[in-house]
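>
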Amino acid sequence: MNNFHTHTERCNHAEGIEEDYVKAAIKAGYKRLGFSGHMPLPAEDNEANYRMTPYEVDDYVEEVLRLKEKYKNQIDILLSFEFEYLKGRLDWVDYLIDKYPLDYTIAGSHFHKKVDSNNYFGNFKADDILNKYYKAAKLILESNKFDIYAHPDLFMDSYPNWDKHSEKLSRDICQMANKHGVILEYNLAGIKNNRNYPSEEFWDVAIKENCKIIIGIDAHSPNDFNLTHQKDSTKLLLKKGANLIFDLDI
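So for the sequence shown, this note's numbering puts the first residue at 12; every next one is plus one.
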């Protein structure tokens with residue numbers, strides 16, 4: 012088993028330090044562990060309760076690289092951020108990608124334009140939620156900067172109705188992902204937290220479109236390395252004929 016979506020207490024809404032996650036992953040039998048702390052934003056945009064600050068980034072990178080060396084004979088540790096790709100801050104993403112020795116890139120559409128709780132796509136009240144989510148997804152998928160698109164069905168938390176509109180958005184996301192070679196992440200955090208994702212209908216569309224799919228824990232605690240959820244989801248997706256990816260070519 013591998014996991015490429017891992018947070019720590021540096022994100023201010025997860026628990027445990029990096030080494031706690033490494034030990035838990037080794038104990039559970041994982042072969043690869045990717046750290047993907049929420050990317051920092053410049054001070055004026057940084058919501059302190061959601062992500063590390065720019066001043067913490069060097070420590071985060073140094074710690075992941077230290078653990079990579081320390082545990083190299085037990086597990087392959089990889090470095091990344093979970094990116095936000097927001098208009099007006101695209102240069103900040105480029106800066107982080109260029110400066111740090113990232114092993115892969117993962118991005119998610121969490122917010123509309125501004126990072127705050129009122130603009131979170133998982134609890135978004137705007138009537139045109141689907142159009143706004145489409146624009147956010149398009150920005151990520153067409154950037155050619157990211158390997159994985161995290162929880163692409165997050166919008167189902169705010170628009171839990173499966174109709175022609177949500178079906179069209181799902182198909183558009185899947186087709187853009189295919190066109191630009193982006194892997195879609197089947198995110199297990201929604202199962203743990205009783206959310207409206209993973210959406211069975213969304214993933215049926217993704218399977219029909221033959222999208223590359225990878226399962227991500229989205230770990231926010233060392234206790235999240237639950238092989239039962241991952242194995243059950245793997246069986247379900249394979250039974251449906253999913254083009255399931257178990258590793259990254261890195």
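No residue lacks a Cβ here, since even glycine has one placed at the ideal position from N, Cα and C.
Rounded to whole angstroms, what is the Cα-Cα separation between alanine 35 and aspartate 229?
Position 24 of the sequence shown, counting from 1, holds the residue named residue 35. Position 218 of the sequence shown, counting from 1, holds the residue named residue 229. Going from the Cα of alanine 35 to the Cα of aspartate 229 covers about 14 Å.
> In whole angstroms, give me the CA-to-CA distance for phenylalanine 132 and histidine 18.
Position 121 of the sequence shown, counting from 1, holds the residue named residue 132. Position 7 of the sequence shown, counting from 1, holds the residue named residue 18. Only weak support exists for where phenylalanine 132 lies, its pLDDT of 48 falling under 50; the coordinates are left without a value.
> At what residues does the beta strand (DSSP E) containing asparagine 254 begin and finish?
In the sequence shown, residue 254 corresponds to position 243, counting from 1. Here the beta strand (DSSP E) through asparagine 254 covers 254-256.
> Measure the Cβ-Cβ separation of isoleucine 140 and serine 169 and say whether it is below 7 Å.
Sequence index remark: in the sequence shown, residue 140 carries index 129 (1-based). Sequence index remark: in the sequence shown, residue 169 carries index 158 (1-based). Taking 7 Å as the Cβ cut-off, isoleucine 140 and serine 169 qualify as a contacting pair.
> In three-state DSSP terms, what is tyrosine 32?
The residue given as residue 32 occupies position 21 in the sequence shown. Residue state, collapsed to three classes: helix.
> Go ahead and label proline 51 buried or exposed: buried means 16 or more other beta carbons lie within 10 angstroms of its beta carbon, across all protein chains shown.
Numbered from 1 along the sequence shown, position 40 holds the residue referred to as residue 51. Classification for proline 51: buried.
> Along the chain, where does the alpha helix (DSSP H) that runs through histidine 18 open and close?
One-based indexing of the sequence shown puts residue 18 at position 7. Premise fails: histidine 18 is in no alpha helix (DSSP H) and is neither H nor E.
> Could you say which of Lys250, Asn234 and Lys242 lies nearest to methionine 12 if we only look at CA atoms?
In the sequence shown, the residue the question calls residue 12 occupies position 1. Out of Lys250, Asn234 and Lys242, Lys242 has the C-alpha closest to the C-alpha of methionine 12.
> To the nearest angstrom, report how far apart cysteine 185 and leucine 101 are at their CA atoms.
Reading the sequence shown from its first residue, position 174 is the one you call residue 185. Reading the sequence shown from its first residue, position 90 is the one you call residue 101. Using only the alpha carbons, I get a separation of about 23 Å.
> Have a look at Phe236, Leu90 and Asp164 and flag the residue whose alpha-carbon is nearest the alpha-carbon of tyrosine 32.
Your numbering for residue 32 matches position 21 in the sequence shown. For tyrosine 32, the nearest C-alpha among the options comes from Phe236.
> Answer yes or no: do histidine 16 and glycine 227 have a C-beta to C-beta separation smaller than 7 Å?
Position 5 of the sequence shown, counting from 1, holds the residue named residue 16. Position 216 of the sequence shown, counting from 1, holds the residue named residue 227. It is a contact, given that the beta carbons lie within the stated cut-off.
> Tell me which residue opens and which closes the alpha helix (DSSP H) that histidine 240 is part of.
Indexing the sequence shown from 1 puts residue 240 at position 229. Note, histidine 240: alpha helix (DSSP H), 238-250.
> Any idea if threonine 239 is buried or exposed, counting beta-carbon neighbours within 10 angstroms, 16 or more meaning buried?
Within the sequence shown, residue 239 is the residue found at index 228, counting from 1. Looking at its Cβ environment, which holds fewer than 16 other Cβ atoms inside 10 Å, threonine 239 is exposed.
> Ordered along the chain, which non-local residues of its own chain (more than five positions away) have a Cβ less than 7 Å from that of asparagine 155?
For this step, residue 155 is matched to residue 144 along the sequence shown. Correct list, in chain order: His191.
> Taking lysine 143 as the reference, which of Leu113, Asp158, Leu97 and Glu20 has the closest Cα?
Taking the sequence shown and counting its residues from 1, one reaches residue 143 at position 132. The candidate whose alpha carbon is nearest that of lysine 143 is Leu97.
> What are the start and end residues of the alpha helix (DSSP H) that includes glycine 201?
Translated into the one-based positions of the sequence shown, residue 201 becomes position 190. Per DSSP, glycine 201 belongs to the alpha helix (DSSP H) from 200-203.
> Check serine 197 in the structure and name its three-state DSSP category.
Your numbering for residue 197 matches position 186 in the sequence shown. What sits at residue 197 in the sequence shown is tyrosine, not serine. Strand, per DSSP.
> If you count every other CB in all the chains shown that lies within 10 Å of the CB of proline 209, and 16 or more means buried, which is it?
Here residue 209 refers to the residue found at position 198 when the sequence shown is read from its first residue. Under this definition proline 209 is a buried residue.
> Count the other CB atoms, across all protein chains shown, that sit within 10 Å of the CB of histidine 123; report buried if there are 16 or more and exposed otherwise.
Here residue 123 refers to the residue found at position 112 of the sequence shown. For histidine 123, the predicted model reports a pLDDT of 49, less than 50, meaning its position is unreliable; a value from the coordinates is still stated below. Classification for histidine 123: buried.
> Determine the closest residue to phenylalanine 92 out of Val104, Lys251, Tyr197 and Ile261, with distance taken between C-alpha atoms.
By 1-based counting over the sequence shown, the position of residue 92 is 81. Ranking the options by Cα distance to phenylalanine 92, first place goes to Val104.
> Quick check on tyrosine 66: does DSSP put it in helix, strand or coil?
Numbered from its first residue, the sequence shown carries residue 66 at position 55. In the structure shown, tyrosine 66 sits in a helix (DSSP, three-state: H, G or I).
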